[in-house]
Amino acid sequence: MKTLKNWGFHSRDDATVTLDLEAGRRLRVAVLEQDLFRVSLIGANGWRQGRTWSIAPDADVPFEGRDRDLNCGFSCPGYQFAEEDGALIIQTEALRLLIRAPLQLIWQARIDGEWRVFATDRPTGAYMAGTRDHSHAHFLLRESSEQVYGLGEKTGDLERSGRRFEMRNLDAMGYDAESTDPLYKHIPFTMTRTRNAGSWSIFYDNLASCWFDLGNELDNYHRPYRAYRAQDGDLDYYMSWSPDLAGLTRRQAWLTGGTAFPPRWSLGYSGSTMSYTDAPDAQDQVSGFLDRITEHDLPCDSFQMSSGYTSIGDKRYVFNWNTEKFPDIDAMAAQYGERQVHLIANIKPCLLQDHPRYAEAMEAGLFVRDSESDAPERSVFWDDEGSHLDFTNPDTVEWWKSNIATQLLAHGIGSTWNDNNEYEIWDGAARCHGFGDPIEIGLIRPLMPVLMTRASRDAQIAHAPATRPYLISRSGAPGIQRYAQTWTGDNRTDWKTIRYNTRMGLGLSMSGIFNIGHDVGGFSGPRPEPELFLRWVQNGIFHPRFTIHSWNDDGTVNEPWMYPEILPQIRAALDLRYRLIPYLYSALYQAVVDHQPMLRPTLMDHENDPRCFEESDDFLLGRDLLVATVMERGATERRVWLPDNGTGWYDFHSQTWHAPGQSITLPVTLDTIPLFVRAGAVLPLSAGAKRAASEADPNRSLAIFPAQGTFCDHALLYEDDGVDARALDGAHWLLDVQVNGSEDAIDLTLTASGDWLPQWQKLTVTLPASETRVLRINGVETDHILASKVPHAEH
């Protein structure tokens, strides 16, 4: 690669400044928001890939992608432009960019009335471009004190500095959650916290395989640096600044299109295992799951049906029902429908070479094509070779949607599990249709699972337009969260996996992908011992996706009842999950409308507390719950740092108040699920239900955990019928909760809005037993029970 050094001013307009570089290249700076700039390196022949599927600040992108030259959806606020001491200056109210020679960008933020540098390109060569290929690189200076977060689904510690990471989607079954890299997803986004200049993020809008070196590499000819290198595509990045990390997470979620709003039932327990559908009597096994959850008095809302239903021998053939194992599909689906437990079917985007419909798909031109012929590409897939479907071909999209409709939806299976969609095609020049403008697969591998999932979603919406669809996808890129929930793939059964999966989930959440979870109990490897399984369940209930799933080496199945001696504790954990559904659903609503992460590291809400920046097993669920589950074998105590929030924390179970900014040690048994509530919070809770659906959850309470002395705080309770596609357009009930405390009283002010009314007629308000202050609700002193018909009275 050649270092790009020389530049000259070319032109500017209301939103952009363009520079001439060497060999006909150009560098374009776009001012998108006061605190968001875009920098694009454009080759002499234009963009390498002229469309993006990641950037969607105002609306979803067209299926065929968004023109990369567009800046629609941004306010483009204007800027000041000057030339000073040989440097160009581009400035808004919040940011200032200096461009120096040799080519170097220096970024400053206005903090307390002065400009402070927060990021600087490496002065000894910041930009490199391939002369014989389309590779490129970007180098920035690295400060020893900086803390780096993001990159989505990555193993190891949450803070990323000093390490090297690769973005190259792989089917990494049995990965080590502490060290394996790469994994399933492509999230080229980092956030950096500086010592005294706030925090900044950089998002490289490129879907080609790439590498991030965050200080692992040293070179004596340069000051300490960090590097982004890509083997293809365009160097096109978005630079944002915020006084805190939370602002950068919200910005990234907004920039890439926000979060899908799935049905309420998706927050319930979802059963799954490969064993049931692999069994010769698979239909009986899947149907029997319903009887067992009833027998053991366990709540459940869905079952994720693994791909064994498509088997011929030991192989998998998407959309091919094995009618010997499933002799009456409709009857099985009807059983689930009667119990109101939703079926979710596994689907895969590759047809094995002996698939009964391979010739049909080949003749229709539905596959990605070989780089040297018009034949379908063939890659290793599930112990054979197969060809991957090309979702940049409209004919493929329609074929896929038609098969979902006829093979799944028509049978009463309403949701899809989009799996094994990493697109491990190593012929980088294999050709995709590109919606009429061919694209090499090496440019868009991570896009294929996004388009696959979008096509699945469109099929589900066409079948049931009045309801919100639920989907899950294993692989993807920024934008996958617009369509589906995701999870961290085929983890390995090990004690450390609980710890590092938790950090992987927080990394995804900090990167703008909020609706996530893990395979509870471990997917691959040995059967979990009873204590490990219990601790995994006790941790899993606090993630948006709560699914127990497995393919154990010894043929056993991870099920809630697999160890009778701990079944009471498993049941208690699931019951706690269902008590929290109103809080979880309100947090999901805030993730959708306000880009607030559901899961967050404690540092995100407590940047004032240095202890929160130490690696920790603790995390926040929403703003108000501090989760500190047990992750050590044989533990008899759990040490918890209570972040310095200024108001303190309550033990959720005992309702004991603890001062903030201290470490406490709790005695723990197998029954213990350490959970704390932020003092000042108001938690919406259920009295308990066996399903998460609104109609099955008739009781509601507001649990006030007041701060001491004078305080004011705020909460939201969001309700709808759980499925209505019009929910965000008004078919909901939103309760705004204001709480104010004085020395002698606690005042709760409730204001409802929306065009829908909940079925429950009574809202119970509770306080800790130790609280002696008078409670007033909307100005009326009360005995903590709000009168019936509150939804109607306040509507």
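Quick note on full-length UniProt numbering: the sequence shown kicks off at 1 and runs consecutively.
Glycine included, each C-beta is placed from N, C-alpha and C at the ideal position.
With a 10 Å radius around the Cβ and a threshold of 16 neighbouring Cβ atoms, Lys690 comes out buried.
The beta carbon of Val61 lies closer than 6 Å to those of Trp53 in the same chain, with the five residues before and after it left out. The shortest C-alpha to C-alpha distance from Gly113 to any of Leu95, Gly680 and Ala101 is the one to Leu95.
Looking only at Ala331, Val29, Trp551 and Trp211, the smallest Cα-Cα distance to Gly412 is reached by Ala331.
If the five residues before and after Thr120 are omitted, its C-beta is found closer than 6 Å to the C-beta atoms of Ile106 and Leu141, all from its own chain and listed in chain order.
By the criterion of a C-beta distance shorter than 8 Å, Asn322 is surrounded in its chain by Ala282, Gly308, Tyr309, Thr310, Ser311 and Ile312, once the five residues flanking it on both sides are discounted.
Taking one beta carbon from each stretch, the segment 39-47 and the segment 218-232 have fewer than 3 pairs nearer than 8 Å; the two do not touch.
Runs of the beta strand (DSSP E) lying entirely within the segment 729-789, each at least 3 residues long, are 733-741, 745-753, 763-766 and 774-777 in chain order. One Cα belongs to Leu734, the other to Ser753, and the distance between them is close to 5 Å.
Between Phe261 and Arg468, the gap from beta carbon to beta carbon is short of 7 Å.
Under the three-state reduction of DSSP output, His463 falls in the helix class.
Under the DSSP assignment, Asp519 falls in the beta strand (DSSP E) whose first and last residues are Gly517 to Val520. About 6 Å separates the beta carbons of Arg492 and Gly522, which is inside the 8 Å limit, making them a contact pair. Bounds of the beta strand (DSSP E) holding Val640 are Glu637 to Leu642.
When the five nearest sequence neighbours on each side are left out, the beta carbons in the same chain lying within less than 7 Å of the beta carbon of Met305 are those of Thr277, Val286, Leu343, Ile344, Ala345 and Asn346, in order along the chain. The Cβ-Cβ distance between Thr392 and Phe326 does not fall below 7 Å. Cys612 sits buried, since 16 or more C-beta atoms from the chains shown fall within 10 Å of its C-beta. The segment 541-555 and the segment 267-274 touch, with three or more beta-carbon pairs separated by less than 8 Å.
In the structure shown, the three-state DSSP call for Ser456 is helix. Taking Ser586 as the centre and dropping the five residues before and after it, the same chain places the C-beta of Pro684, Leu716, Leu717 and Tyr718 closer than 7 Å to its C-beta, in chain order. Closest by C-alpha distance to Leu183, out of Phe189, Met191 and Asp171, is Asp171.
Put simply, the segment 475-489 touches the segment 507-526. At least three CB pairs are less than 8 Å apart. For Asp328, the three-state secondary structure derived from DSSP is coil.
Taking C-alpha positions only, Tyr358 is separated from Leu352 by approximately 7 Å.
Note that the C-beta distance between Phe37 and Met239 is below 7 Å. Put simply, the backbone Cα of Glu295 is about 60 Å away from that of Cys76. Residue pairing by DSSP puts Ala119 in a beta bridge opposite Trp107. Remark: fewer than three beta-carbon pairs, one from each stretch, lie closer than 8 Å, so the segment 83-92 and the segment 188-200 are not flagged as touching. Distances from the alpha-carbon of Trp561 to those of Arg378, Glu632, Gln340 and Asp291 put Asp291 closest. Burial state of Leu70 is exposed, judged by a 10 Å Cβ sphere holding fewer than 16 other Cβ atoms. Your pair Pro597 and Phe619 does not check out as a contact, with CB atoms roughly 10 Å apart and the cut at 8 Å. Contact between Leu599 and Leu621 holds, since their C-beta atoms are separated by about 6 Å, short of 8 Å. Annotated three-state conformation of Asp721 is coil, per DSSP.
Within the model, the alpha-carbon separation for Thr131 versus Gly125 is close to 16 Å. Exposed is the label assigned to Lys2, since fewer than 16 other Cβ atoms lie within 10 Å of its Cβ.
Taking a contact as a CB-CB distance under 8 Å, the pair Gly257 and Arg482 counts as one, their CB atoms being some 4 Å apart.
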